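In the numbering used here, the protein residues as written are 8 to 248.
This is the structure in structure tokens:
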């Protein structure tokens, strides 16, 4: 491993081999998952940072947790008491706590259209994707995968997280937010490109900061029609954290 790789604490496996999960449980009553996973050149392991409730970074690689869809950062959900709770923020916090300082291993399930690795990720033998759904912090993203239907059924039965009250699925929430703002955006291109001291950042219509961002073309800021367009231009997602 190169010194640069050591600094990033990222390990890419060059050949396929089998990894037996150790079957330990995370704090909070997580179910242990024992499995033998074949690795490929695209698989990634290392210390992870959380972007939002279903996205992490390991080194320079952005990873979308395959088969799940967590509430968006600005999203609220109904509570069992009848009020609302910040389910989007809570999902990101739950994922961060679940990972902690543990080494995360992500098996590749391919790449999405935004050039993010679709990962089935584990820490201490627990599959993070499944655990987020089981604890009620994400939906099974059945449009693309039926992998976590059982975990969703268990969460629904237990009225856990998003299932304790009325909660709009994240994909419906995103679609509605886009429709609300696209009429006022130039040519319907509703993604805001903002330049800050942290660089070039883009905000999706469901970003918690979207309403406060003003696009100033004189400063080089701009609008984007798609997330892939923004990323191809060298801008990065505001994320949540």
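The beta-carbon is built from N, C-alpha and C at its ideal position, and this holds for glycine as well. Just so you know, these numbers come straight off a predicted model, no measurement behind them.
Task: DSSP-derived helix/strand/coil call for residue 217 - done: helix
- [ ] Can you tell me which of 245, 74, 168, 172 puts its alpha carbon nearest to the alpha carbon of residue 136?
- [x] Measuring C-alpha to C-alpha distances from residue 136 to each of 245, 74, 168, 172 identifies 74 as the nearest.
Open item on the list: Determine whether the beta carbon atoms of residue 81 and residue 213 lie at a separation below 8 Å.
Closed with: A contact, by the Cβ cut-off of 8 Å.
TODO: State the CB to CB distance for the pair residue 101 and residue 142, rounded to an integer number of angstroms; the pair is presumed to be in contact (CB under 8 Å).
DONE: 7 Å
TODO: Can you grab the Cα-Cα spacing for the pair residue 56 / residue 169, in whole Å?
DONE: 23 Å
TODO: Give the straight-line distance between the Cα atoms of residue 84 and residue 171, rounded to the nearest whole angstrom.
DONE: 9 Å
Open item on the list: For residue 87, which residues in the same chain have their Cβ closer than 8 Å to its Cβ, ignoring the five residues on either side in sequence?
Closed with: 166, 171, 172
Open item on the list: Can you look up residue 199 in the DSSP assignment and give me helix, strand or coil?
Closed with: Of the three classes helix, strand and coil, the one that applies to residue 199 here is strand, per DSSP.
TODO: Please list the segments of the alpha helix (DSSP H) lying wholly inside the region 152-210, counting only runs of 4 or more residues, in order along the chain.
DONE: As for any alpha helix (DSSP H) of minimum length 4 sitting wholly inside the region 152-210, the runs are 156-164, 177-189, ordered along the chain.
Open item on the list: Starting from residue 232, trace the beta strand (DSSP E) in both directions and tell me its first and last residue.
Closed with: Looking at the DSSP string, residue 232 is not in any beta strand (DSSP E), and its letter there is neither H nor E.
Open item on the list: Along the chain, where does the alpha helix (DSSP H) containing residue 95 start, and where does it finish?
Closed with: 94-106
Task: DSSP state of residue 149 mapped onto helix, strand, coil - done: coil
TODO: Grab me the residues of residue 163's own chain with a C-beta within less than 6 Å of its C-beta, minus the 5 sequence neighbours each way, in chain order.
DONE: 170
TODO: In the DSSP assignment, find the beta strand (DSSP E) that holds residue 110 and state where it starts and stops.
DONE: 110-118
- [ ] Answer with buried or exposed for residue 239, where buried requires no fewer than 16 other C-beta atoms within 10 angstroms of its C-beta.
- [x] Around the beta carbon of residue 239, a 10 Å sphere encloses fewer than 16 other beta carbons of the protein chains shown; the residue is thus reported as exposed.
Task: Residue from 161, 188, 237 with nearest C-alpha to residue 208 - done: Ranked by how close their Cα comes to the Cα of residue 208, the residues 161, 188, 237 have 237 in first place.
Open item on the list: To the nearest angstrom, how far is the alpha carbon of residue 105 from that of residue 77?
Closed with: 14 Å
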